[in-house]
Structures are given as C-alpha cells and as structure tokens.
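Scroll down for the structure; my scribbles are underneath it.
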Amino acid sequence: HTYLYSHCNSSYVSWKYRRDNLALEMLTYNADIICLQEVDCTEYKTFFKGIMEQGGYSGFYKQRTGIEEDGLAIFVKNKEYRVLHHQTIEYKMPELSATLNRDNVALITVLEHKKSNVRVCVATTHLLFNPNQGIVKVAQYQTLALTIREILRNNKDYDANIPIIITGDFNTCADSILYNYIVSGHEKIKTLINETKTLSGQQGNNFRKLSRSEYNKEYKSACQESFEDSMNGIKEILDLHDSRDQEQINQAEGELYSPFKLKSVYHTHESSSYERERKYVTSYINYNKSLVDYIYYTDGLDIKSASHNDNTINHQELKLVPVKCLEPLNMSYPYNLPNRNFPSDHCSLVTIFDLYQLRVNNKSNTNKL
2 HTYLYSHCNS SYVSWKYRRD NLALEMLTYN ADIICLQEVD CTEYKTFFKG
52 IMEQGGYSGF YKQRTGIEED GLAIFVKNKE YRVLHHQTIE YKMPELSATL
102 NRDNVALITV LEHKKSNVRV CVATTHLLFN PNQGIVKVAQ YQTLALTIRE
152 ILRNNKDYDA NIPIIITGDF NTCADSILYN YIVSGHEKIK TLINETKTLS
202 GQQGNNFRKL SRSEYNKEYK SACQESFEDS MNGIKEILDL HDSRDQEQIN
252 QAEGELYSPF KLKSVYHTHE SSSYERERKY VTSYINYNKS LVDYIYYTDG
302 LDIKSASHND NTINHQELKL VPVKCLEPLN MSYPYNLPNR NFPSDHCSLV
352 TIFDLYQLRV NNKSNTNKL
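Number 370 marks the last residue of the sequence shown (our numbering); no jumps.
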C-alpha cells in the first residue's frame, strides 16, 4: 500500500531499508519474547526467521487466510524459555456465521521459563480494521480469549491460572466500547449490536465510559461454559445482529462475558484511558495519528494449595506486573511513519514484566519477563 506513504521520504520507505532496520531494532531490544503483525510470508521465511534464529530465537508464524500474504509471528529467546504449546486461530468461520468472513488470525504460545519453571501464555493478533464492523472485532477477540481459556483449562499439565499476555493491533481506540469490554470483561448484548459502527472508536469522538464493576455470579457461571456453548453464544449474537430486527435487538437481555479481564500496560502509567488516547500514538500514517496497538495482561491471580509438611494452607500468588515500558510516540510527534528512525508504520511497544512466582511464609520469587 505505497499510497499510504506518499508523504514520507522515499529513501526511508524502501523495503530493504525498512527490513534491515526492523531486524536491527528487534535484536537491539534483546527481548525474551517478540510479537509481530503484518509480516509478509515470504519475508518471514527468507529473512526474518533466519536472522532471528541467528540471534538465538525460535519463531512461529501464522499467515492470514484467503489471498492475503501477511501474517503474525512470535519469536521466543531459546536460552530463556521453552515452548510447551503453540496454536493458531483462523477467525474466518462461515459455518458459525456468515458475518465471520474475514481473513484475520491469531497465534498463541504457552511458555515455560527454563530457570524458574514459571509458565506464561503469550498470544498475538491483528483484528479487523473496518471501523463499521465492531461486532466482528468483538467476535474475533472473544474467539481468541475462549481459545486461550480452553488451552489452559483442558491441558492437565497447565494451571488454568497461568498469567496471560495478549499483544497486537486491535484497531481499537482506548476510550471505545470494545476497549472497555476487553478490560472490564463484560458488555450488554444490545449495546454490542446497536453500536457496532462505533464499538472500536475509530469513527471519531464516539467514546463513553463504562462501568468496570467486579465480576458477578453471572460472569462466574459464564466462565464454566464449554467452548462449544460459548461459541454458540457468539453465534446467537451475530445471528441477532444480522437479522436487523430492531425490536428483537432492543429486547435482548443479558451481557456477553469475556473469560478474563485484562489491563493495558499503559493503564498503570496514566490516570485515565482518555489521557492515554490524547497522549500516545502507536500509528502515524498520512498524518492520521492513532492508538490502536496494545499489550494486555492479566494483572494477578491467587492460588491456594495444601502444604504436605504441616497440613496448613499456604498462599501462592502468580502476579504479572509491568515495571517499565518504552513509551509510544507522543501525540505531538511531527513526522509520518516510517521515517529514518522508525522503520515501521507502527511504533514498537516494549515492556518489562515482573512475574511474582509464589509467596509462601512471606517469601516470594521474582522473575523478569
């Protein structure tokens, strides 16, 4: 899509310049885990996979369906983590709903830290861009969340409370209904259907604040549903949306529940999502500035287990905390992307997490991620 870069210096739009500097940028960060979107399939096979393997990483890739030639990649540093599981998702599911006809995908990994044996689930995705199809984005995200829950819940070797990190381009603004659904874990069904053209907040100032109350009994019940029942719930919502029967839509009761609440790493550094939206930019193309890329995480899970030594209950805590992050571009940033210093049209999000493995008798182990 070269027309997107008509306002950029042609020297820095050159793919060779961008490709080489993208690889240099990734290797310079020296991150344990790297998640990428919009990676050309041929470039992954012939360039990125090899150069990252030379840098000590293992790579996993999922191409978009249909005729699309780009996809997602996750690179994991071999000396730090072993990969226990990796799985792909195709959001194109016409057998579930005719509305789910888009070629977007997701990539999921379950990793184990080699020194501490602490496990973490890391996933990446690129949701649909179309600002008018918010209901499709909800269905795509919900499919990803339910699949992660299914992987962790059904494998006897995993703890269902493994910390989760979900990264990617969500094509969603920070004060939108969809963003609030991701972080609160629930939203009224009629709202999701009636507001489908403004769910992602890409249409301008269509933002509103939503309640972020604690989960109630209905949520806990919803989380016990099977994967099939949960996906059928999505189908029912999409069928109601496609019916365009406004009377039935307005009479729809209940809420859609996500399997878990998430936080954005920038949530801990700003007082409000409105402040984040006004301050940060993750994409700057043709003078259009937007915050659409996120690193989400589960912020803490409590587990109890019986001690074999004294028959008492010791408290184990798994808590994932972002302790440091590289700030995205400021809204006042004057240049289009890509440019000399930024080889991508999206800027990198970089975070250091502390993973508190356990707490027993007031002692805790901490691992960097």
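C-beta: ideal position from N, C-alpha, C; glycine also.
{"Check": "Whole runs of the alpha helix (DSSP H) within the segment 44 to 78, excluding any shorter than 4 residues", "Outcome": "50 to 55"}
{"Check": "Separation of Leu-241 from Ile-250, as counted between CA atoms", "Outcome": "7 Å"}
{"Check": "Val-106 vs Leu-73 beta-carbon contact at 8 Å", "Outcome": "yes"}
{"Check": "8 Å contact criterion, which Ala-24 and Ile-52 should meet: CB distance rounded", "Outcome": "5 Å"}
{"Check": "Nearest-angstrom Cβ-Cβ length linking Glu-256 and Ile-190, presumed shorter than 8 Å", "Outcome": "6 Å"}
{"Check": "Where the beta strand (DSSP E) through Asn-156 begins and ends", "Outcome": "Element bounds for Asn-156: n/a, residue is neither H nor E."}
{"Check": "Minimum C-alpha distance to Thr-352 - residue among Asn-337, Val-322, Asn-342 and Tyr-336", "Outcome": "Val-322"}
{"Check": "C-alpha gap between Ile-136 and Arg-19, whole angstroms", "Outcome": "34 Å"}
{"Check": "Rounded straight-line distance, which links the Cα of Ser-265 to that of Lys-157", "Outcome": "29 Å"}
{"Check": "Closest Cα partner of Cys-36 within the set Tyr-288, Lys-78 and Leu-129", "Outcome": "Lys-78"}
{"Check": "Residue from His-86, Leu-239, Lys-93 and Asn-102 with nearest C-alpha to Ile-109", "Outcome": "His-86"}
{"Check": "Tyr-18, DSSP secondary structure in three states", "Outcome": "helix"}
{"Check": "Residue environment, His-8, which counts as buried when at least 16 other CB atoms sit within 10 Å", "Outcome": "exposed"}
{"Check": "Chain-order list of residues whose beta-carbon lies under 8 Å from that of Pro-339 (same chain, five-residue window excluded)", "Outcome": "Tyr-6, Cys-9, Tyr-13, Val-14, Arg-19, Ser-345 and Asp-346"}
{"Check": "Contact set for Leu-28: own chain, Cβ-Cβ below 7 Å, skip 5 residues either direction", "Outcome": "Gly-56"}
{"Check": "Start-to-end residues for the beta strand (DSSP E) that takes in Val-111", "Outcome": "106 to 114"}
{"Check": "Ranges of the beta strand (DSSP E) found wholly within the segment 232 to 269, counting only runs of at least 3", "Outcome": "256 to 258"}
{"Check": "Expected contact under 8 Å - CB spacing of Thr-125 and Gly-67 to nearest Å", "Outcome": "Not really, about 19 Å apart at Cβ, beyond 8 Å."}
{"Check": "The ligand SAM heavy atom lying under 7 Å from the CB of Met-53", "Outcome": "With respect to the ligand SAM, the structure offers nothing, as it holds no ligand at all."}
{"Check": "Inter-stretch contact at 8 Å, needing at least 3 Cβ pairs: the segment 164 to 181 / the segment 129 to 149", "Outcome": "yes"}
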